[in-house]
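Peer 1: When you read off a place in the sequence shown, starting at 1, and then add 44, the result is the number in the working numbering. In this text, a Cβ means the ideal position worked out from N, Cα and C, and glycines have one as well. Owing to the predicted nature of the structure, the values given are computational and were not obtained by experimental measurement. Following this message is one structure expressed as structure tokens.
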Amino acid sequence: MVRYAGGMEHSIGDGASITGIDLSAILVRDPAAQVGFYRDVLGIAPTKVDDGGRGAEFTLADGATFGVWNQGDGPESDGKVTFFAVADAGAAVEAIRKRGGTVGELIESPVCRMAFGADPDDNGFVIHQRTVRDDDARGHAAADPASIVGLDIASVFVSDPARSIAFYRDVLGLTPTEIDSQGRGAEFTLPDGATFGVWKPDLPHDKLPGSSGMFAVTNAYAAVARIRERGATISDPMETPVCFMAFGNDPEGHAYMIHQRKTTAAVARSA
Numbered sequence: 045m046v047r048y049a050g051g052m053e054h055s056i057g058d059g060a061s062i063t064g065i066d067l068s069a070i071l072v073r074d075p076a077a078q079v080g081f082y083r084d085v086l087g088i089a090p091t092k093v094d095d096g097g098r099g100a101e102f103t104l105a106d107g108a109t110f111g112v113w114n115q116g117d118g119p120e121s122d123g124k125v126t127f128f129a130v131a132d133a134g135a136a137v138e139a140i141r142k143r144g145g146t147v148g149e150l151i152e153s154p155v156c157r158m159a160f161g162a163d164p165d166d167n168g169f170v171i172h173q174r175t176v177r178d179d180d181a182r183g184h185a186a187a188d189p190a191s192i193v194g195l196d197i198a199s200v201f202v203s204d205p206a207r208s209i210a211f212y213r214d215v216l217g218l219t220p221t222e223i224d225s226q227g228r229g230a231e232f233t234l235p236d237g238a239t240f241g242v243w244k245p246d247l248p249h250d251k252l253p254g255s256s257g258m259f260a261v262t263n264a265y266a267a268v269a270r271i272r273e274r275g276a277t278i279s280d281p282m283e284t285p286v287c288f289m290a291f292g293n294d295p296e297g298h299a300y301m302i303h304q305r306k307t308t309a310a311v312a313r314s315a
């Protein structure tokens, strides 16, 4: 059993508990342009491209999967959605509803069972059960420090960190593993090793941007230089006590971050 900060207990093996992140994705209007950006500018090779042109998935060297998918004709969205992995989607949906969350009915696809929901800031999430698993489409370790090698954090921007932490802890059942001492957000490390975060950015406007996540590199300065050489605009790397990070936007305005953990800081300024 695992005891959460709110006093709740859930068994990791109960089928309803979230065990990882199957896919961190953004919903887009122009899949071809977005696939081109993440492939040609950020340098991530697609591992699955939809035959109907609806999007693609990119399996990174650390095993994480990032995807871009056509948003369709539905209402405008900030585009950010995280697919949380469970063993039994039906049991997970029932448990989330009992805890006060709103989540849709299960949808069956040829490869999964899934249900869509939203957090208090309307960030989308999907409860996702793979029924067909393909673990062969793995990326390969990058040969140079400027290449993206993984997804450090799949994150959402929020207006009220305490409220969002409570939602992901008490409704979705995730355990906070690091809570910001100034109350700006928290990180949740999942059983599969993936990290999900909620964070309140210091922005001068009320509209919170959708985020495609923090892409891991071993040299943030080299990665930023390469992205600029490919024609994109991205900020200079910013140093924090634990990382170096730079901020950019894809063609539809989704924020992304190039992120270098301090464990690889020795090569940070060699570019």
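Can the beta-carbon of valine 261 be found less than 8 Å from the beta-carbon of alanine 190?
Peer 2: With a cutoff of 8 Å on beta-carbon distance, valine 261 and alanine 190 are scored as near each other.
Peer 1: According to DSSP, what are the bridge partners of threonine 109?
Peer 2: Thr103
Peer 1: Look at the Cβ atom of aspartate 66, then the Cβ atom of arginine 174, and state whether they are nearer than 8 Å.
Peer 2: Remark: C-beta atoms of aspartate 66 and arginine 174 approach each other more closely than 8 Å.
Peer 1: Tell me the rounded alpha-carbon separation between valine 242 and leucine 195.
Peer 2: 15 Å
Peer 1: Do glycine 168 and isoleucine 62 count as a contact pair if the criterion is CB distance below 8 Å?
Peer 2: no
Peer 1: My parser needs the beta strand (DSSP E) runs of 3 or more residues fully inside the segment 134 to 210; what are they?
Peer 2: 156 to 162, 168 to 174 and 194 to 201
Peer 1: Comparing alpha-carbon positions, which option in Phe110, Asp166, Pro235 and Ala230 lies nearest valine 93?
Peer 2: Phe110
Peer 1: For alanine 60, which option in Glu149, Asp214 and Glu138 has the closest C-alpha, if you only look at C-alpha atoms?
Peer 2: Glu138
Peer 1: Go ahead and pull the three-state DSSP assignment for glutamate 273.
Peer 2: helix
Peer 1: Would leucine 71 and valine 125 qualify as a contact pair, given that the criterion is a beta-carbon distance under 8 Å?
Peer 2: yes
Peer 1: Counting along the chain, where does the beta strand (DSSP E) carrying tyrosine 370 start and finish?
Peer 2: The structure shown has nothing for residue 370, since the chain only spans 45 to 315.
Peer 1: On the premise that alanine 198 lies in contact with serine 68, defined as a C-beta separation below 8 Å, what is that separation, rounded to the nearest angstrom?
Peer 2: 4 Å
Peer 1: Do histidine 298 and methionine 289 have their CB atoms nearer than 8 Å?
Peer 2: no
Peer 1: When we look at the beta-carbon of arginine 270 and count the other beta-carbons within 10 Å, is it buried (16 or more) or exposed?
Peer 2: buried
Peer 1: Under three-state DSSP, which class holds alanine 264?
Peer 2: Helix, per DSSP.
Peer 1: Let's see if you can read the secondary structure: which residues bound the alpha helix (DSSP H) around valine 79?
Peer 2: 75 to 84
Peer 1: Since threonine 239 is in the beta strand (DSSP E), which residue starts that stretch and which ends it?
Peer 2: 239 to 243
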